[in-house]
Each structure stands twice: as C-alpha cells, then as structure tokens.
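Trainee:
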Amino acid sequence: MKTNQYQEEQQEMNEEMLAAVAKLTRAGFLLLIVLIVLFWQNYTLIFKKDVPDKTLTSIDYILPITLSETAQKGKTIFIANCAACHNKNMRDDLTGPALGGVKEKWAAYPRQDLYKWIRNSQAMIQQKHPRALALWKDWNPTIMNSFNSLKDDDIDAIFAYVEEVYAAR
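The sequence shown begins at 244 in the working numbering and counts up one residue at a time.
1. Hey, quick one: how far does the alpha helix (DSSP H) through asparagine 324 stretch, first residue to last?
2. Since alanine 400 and threonine 313 should fall inside the 8 angstroms C-beta cutoff, what is the C-beta to C-beta distance between them, to a whole number of angstroms?
3. Should asparagine 330 go down as buried or exposed, given a rule of 16 or more other Cβ atoms within 10 Å for buried?
4. What would DSSP say about leucine 261, mapped onto helix, strand or coil?
5. Would you mind stating whether isoleucine 368 and tryptophan 382 have Cβ atoms separated by less than 8 angstroms?
6. If I follow the unbroken alpha helix (DSSP H) through serine 364, where does it start and stop?
7. If you drop the 5 nearest sequence neighbours on each side, which residues of the same chain put their C-beta closer than 6 angstroms to that of tyrosine 409?
8. Let's see if you can read the secondary structure: which residues bound the alpha helix (DSSP H) around isoleucine 401?
9. Mark glutamate 251 as exposed unless 16 or more other C-beta atoms lie within 10 angstroms of its C-beta, in which case mark it buried.
10. What span of residues does the alpha helix (DSSP H) with isoleucine 349 cover, start to end?
11. To the nearest angstrom, how far is it from the Cα of arginine 362 to the Cα of serine 311?
12. Can you grab the Cα-Cα spacing for the pair valine 345 / proline 307, in whole Å?
13. CB-CB under 6 angstroms to serine 392, same chain, minus the five flanking residues each way: which ones, in chain order?
14. Grab the span of the alpha helix (DSSP H) containing lysine 380 for me, first residue to last.
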C-alpha cells in the first residue's frame with residue numbers, strides 16, 4: 244500500500260513538474276518574441292541612420308536648361324567619364340563629391356593643379372599637394388579614376404557644364 248501511495252505521489256509530482264515546465268516554456272517563448280520585437284525596433288532606430296537619397300531629384304526633369312556649345316560638349320564628356328561617381332545636379336555628393344563650385348575650391352592653387360588632379364589624383368596625393376591631401380582625407384578610401392586622356396579643352400568643357408548646371412539649380 245505504501246508503495247502504491249508513493250507511486251501516486253511521484254506521479255502527481257511529475258504531472259505538476261510537467262505543467263510547470265510547460266508554463267515556463269510558453270512564458271519563455273513569449274518573452275523571446277517580445278525581446279526580438281524590441282531588439283528589431285531599437286536596431287532600426289540606432290543602427291540604421293537616415294541616409295539621404297543620392298538619386299536624382301525631380302527637379303532634374305522639370306527644369307531643363309539651355310547649355311552653351313562648350314557646356315554641351317562638357318556634358319557629353321561628363322556623362323562618359325564623371326557621372327558614375329559625381330551627381331549630375333552638381334550640388335549633392337554621390338560616390339565622389341559634388342562638383343558645383345569646384346574651381347572656387349581650388350582657387351588658391353594654379354589651374355594646372357586641378358587639371359593634374361583630374362588626370363591623376365593619386366600622383367597628387369603622393370606629391371603631398373595640400374588640396375589633394377584634404378580631398379583624400381575627406382574621401383578616403385574612395386580613389387578617383389585617372390583621366391590621362393583628357394585635354395585641357397575637355398576639362399574646360401566639363402567645367403563649363405558643371406558651372407552652368409550648378410548656377411541653374
């Protein structure tokens with residue numbers, strides 16, 4: 244009789260323990276879901292910064308501008324060589340910096356220094372040119388492609404295009 248009573252008590256304790264484990268499992272699962280939701284909300288608030296859209300704005304389509312002949316040539320060269328990295332609105336950064344006002348930013352140096360930069364920026368950095376080093380500091384590790392084949396007239400045409408677009412927007 245004692246054995247039977249002992250077995251019943253054991254059975255009852257086992258059932259109580261199973262019920263407690265089931266409750267803990269459900270509570271743990273619900274807690275896990277709550278933690279995942281809270282983590283996800285905080286993750287998106289903390290780690291995902293508001294990054295400005297670097298795509299073209301609608302203004303590019305509603306404000307067409309008439310370009311001079313030189314700027315038209317510059318546009319063709321810009322599209323072929325520069326547009327992959329520099330925003331065509333000349334005001335917003337892309338992979339490379341906005342080009343609006345670029346000549347003013349280089350005004351303290353001979354114009355040929357800017358041409359050298361466009362043709363081979365890494366050589367200018369190695370020569371420790373102050374403006375080249377400043378750009379490298381701001382844009383490292385982005386390396387500007389070299390455009391050794393561009394003549395002064397080509398670069399002047401690009402500048403005409405940049406200035407006309409920048410002034411119009």
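For glycine and all other residues, C-beta sits at the position ideal for the given N, C-alpha and C.
Mentor: According to the structure data:
1. That run of the alpha helix (DSSP H) goes 312–324.
2. Confirmed, Cβ separation roughly 5 angstroms.
3. With 16 or more neighbouring CB atoms inside 10 Å of its own CB, asparagine 330 falls in the buried class.
4. Helix at leucine 261.
5. The answer is no: Cβ separation not under 8 angstroms.
6. Following the DSSP letters along the chain, one finds serine 364 inside the alpha helix (DSSP H) bounded by residues 364–369.
7. Short of 6 angstroms from the beta carbon of tyrosine 409, and not among the five residues preceding or following it, lie these beta carbons of its own chain, in chain order: Met333, Gly343.
8. Boundaries of the alpha helix (DSSP H) around isoleucine 401: 395–411.
9. Looking at its Cβ environment, which holds fewer than 16 other Cβ atoms inside 10 Å, glutamate 251 is exposed.
10. Looking at the sequence shown, residue 349 is not isoleucine but tryptophan. Looking at the DSSP string, tryptophan 349 is not in any alpha helix (DSSP H), and its letter there is neither H nor E.
11. Taking the straight line joining both Cα atoms gives about 24 angstroms.
12. Their backbone Cα atoms lie some 22 angstroms apart in a straight line.
13. No residues qualify anywhere along the chain.
14. Annotation for lysine 380: the continuous alpha helix (DSSP H) segment containing it runs 373–382.
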